[in-house]
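In the UniProt record's numbering, the protein residues as written are 1 to 407.
Next up, the structure:
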């Protein structure tokens, strides 16, 4: 067992010695496309009937990580991009000895024999196991502390580009990214961590990365969004996660699970689904109550327009580092919804213009009180200005003008 050899887990007797004892259920996950194909997954949210889980009693803490939205916006504004991830990130953080008994698990020695008595082996974690709700906070604060202590010139950019075990760095030239590759590798190595699976949106730069550091696939996911580094595109695919029973809960689950879109680029596609879910709230359906046949047919019709949808977009809003930019913010509302979208127009030195959708946001109109159209128009302006402010603050663009359009 690799975990035992690497000091990640240790043998433990059956009697608890720490502040409490908890046994983590576990199962295997097989992912052929990943470098670590077989993983053991532990469930810290599992519990017996009327009992608390480990995650119920562990303080989750607060994350100092930047928002996914902010990182992705920066990703779209730089000509050159580099991604990497920390190998076994959570398992690099030591657990205090008196806390280890709450991370116990059982291991069957001989699968052909019953799982009992001498056929069971007791283990506990010496490091933070993945799946404990406090894990991301512990990892993030540990990494930020280490980066701060290195006093590296790359430190601030790393701190702003870390999300759990993912690292995303940008640059304006291939040489700049190569230098960041070497420096980031050194920073994490000094804390005993291995930064790996480096991937660049430049074929020549990828060739210069040491083979054991290089990602084996030219396509990956950047914080949940599919990225093809060869042609530098992001793509979205909406899958149909069907269910035999259609309830308000399954509708919400299918809306959240069919297409991950933190930048709001697919807002028009998902709007009918969000409005329909609000209609179910108005009808006061219980979460697990099966919908009436007419509502089921309406949902199937909405879902048919979403399922199977595929869209590929350029990942960058501009590849011209000398370009000037104008931001155009469009806001509008109806009785059911108010929304905004932000477009960036890049203007080259020769005067050539190119406009692309940067980000968008929508909200269904509140149902707790009657809303007038003028009020909803004001709400659309409010979210438009808020989104514009947060966008401009987080990206490094040469912005000459910001225009807001409302009727």
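By construction, the Cβ of each residue, glycine as well, lies at the ideal position given by its N, Cα and C atoms.
Proximity below 8 Å, CB of residue i to CB of residue j
{"i": "residue 167", "j": "residue 184", "result": "yes"}
{"i": "residue 381", "j": "residue 344", "result": "no"}
{"i": "residue 41", "j": "residue 29", "result": "yes"}
{"i": "residue 90", "j": "residue 124", "result": "no"}
{"i": "residue 223", "j": "residue 86", "result": "no"}
{"i": "residue 329", "j": "residue 271", "result": "no"}
{"i": "residue 240", "j": "residue 303", "result": "yes"}
{"i": "residue 142", "j": "residue 93", "result": "yes"}
{"i": "residue 130", "j": "residue 26", "result": "no"}
{"i": "residue 162", "j": "residue 140", "result": "yes"}
{"i": "residue 75", "j": "residue 54", "result": "no"}
{"i": "residue 172", "j": "residue 233", "result": "no"}
{"i": "residue 181", "j": "residue 13", "result": "no"}
{"i": "residue 323", "j": "residue 342", "result": "no"}
{"i": "residue 254", "j": "residue 287", "result": "no"}
{"i": "residue 208", "j": "residue 178", "result": "yes"}
{"i": "residue 346", "j": "residue 383", "result": "no"}
{"i": "residue 339", "j": "residue 355", "result": "no"}
{"i": "residue 95", "j": "residue 103", "result": "yes"}
{"i": "residue 229", "j": "residue 199", "result": "yes"}
CA-to-CA distance, residue j to residue i, given in whole angstroms
{"i": "residue 111", "j": "residue 191", "result": "38 Å"}
{"i": "residue 156", "j": "residue 19", "result": "38 Å"}
{"i": "residue 145", "j": "residue 335", "result": "49 Å"}
{"i": "residue 238", "j": "residue 259", "result": "5 Å"}
{"i": "residue 278", "j": "residue 364", "result": "8 Å"}
{"i": "residue 266", "j": "residue 226", "result": "14 Å"}
{"i": "residue 114", "j": "residue 77", "result": "58 Å"}
{"i": "residue 349", "j": "residue 325", "result": "11 Å"}
{"i": "residue 65", "j": "residue 390", "result": "16 Å"}
{"i": "residue 358", "j": "residue 8", "result": "43 Å"}
{"i": "residue 214", "j": "residue 298", "result": "48 Å"}
{"i": "residue 407", "j": "residue 284", "result": "34 Å"}
{"i": "residue 151", "j": "residue 374", "result": "52 Å"}
{"i": "residue 385", "j": "residue 395", "result": "16 Å"}
{"i": "residue 204", "j": "residue 376", "result": "51 Å"}
{"i": "residue 195", "j": "residue 212", "result": "11 Å"}
{"i": "residue 51", "j": "residue 101", "result": "18 Å"}
{"i": "residue 403", "j": "residue 319", "result": "22 Å"}
{"i": "residue 60", "j": "residue 4", "result": "27 Å"}
Beta-bridge pairing of residue i - partner residues as DSSP gives them
{"i": "residue 338", "result": "333 and 363"}
{"i": "residue 324", "result": "347"}
{"i": "residue 105", "result": "123"}
{"i": "residue 314", "result": "233"}
{"i": "residue 284", "result": "DSSP output for residue 284 lists no bridge partner at all."}
{"i": "residue 86", "result": "195"}
{"i": "residue 408", "result": "The structure shown does not extend to residue 408, since the chain is modelled only from 1 to 407, so the question has no answer here."}
{"i": "residue 23", "result": "104"}
{"i": "residue 226", "result": "221 and 235"}
{"i": "residue 39", "result": "29"}
Where the alpha helix (DSSP H) through residue i begins and ends
{"i": "residue 373", "result": "373-394"}
{"i": "residue 63", "result": "That residue, residue 63, is in no alpha helix (DSSP H); it is neither H nor E in DSSP."}
{"i": "residue 27", "result": "Run containing residue 27: none in the alpha helix (DSSP H); it sits in the beta strand (DSSP E), 26-30."}
{"i": "residue 177", "result": "174-189"}
{"i": "residue 150", "result": "135-150"}
{"i": "residue 73", "result": "68-75"}
{"i": "residue 255", "result": "248-258"}
{"i": "residue 295", "result": "293-306"}
{"i": "residue 204", "result": "203-208"}
For residue i, the first and last residue of its enclosing beta strand (DSSP E)
{"i": "residue 402", "result": "399-405"}
{"i": "residue 169", "result": "166-171"}
beta-carbon residue i near the ligand ADP non-hydrogen atom, thresh 7 Å
{"i": "residue 194", "result": "Among the ligands in the structure shown, none appear at all, so the ligand ADP cannot be discussed."}
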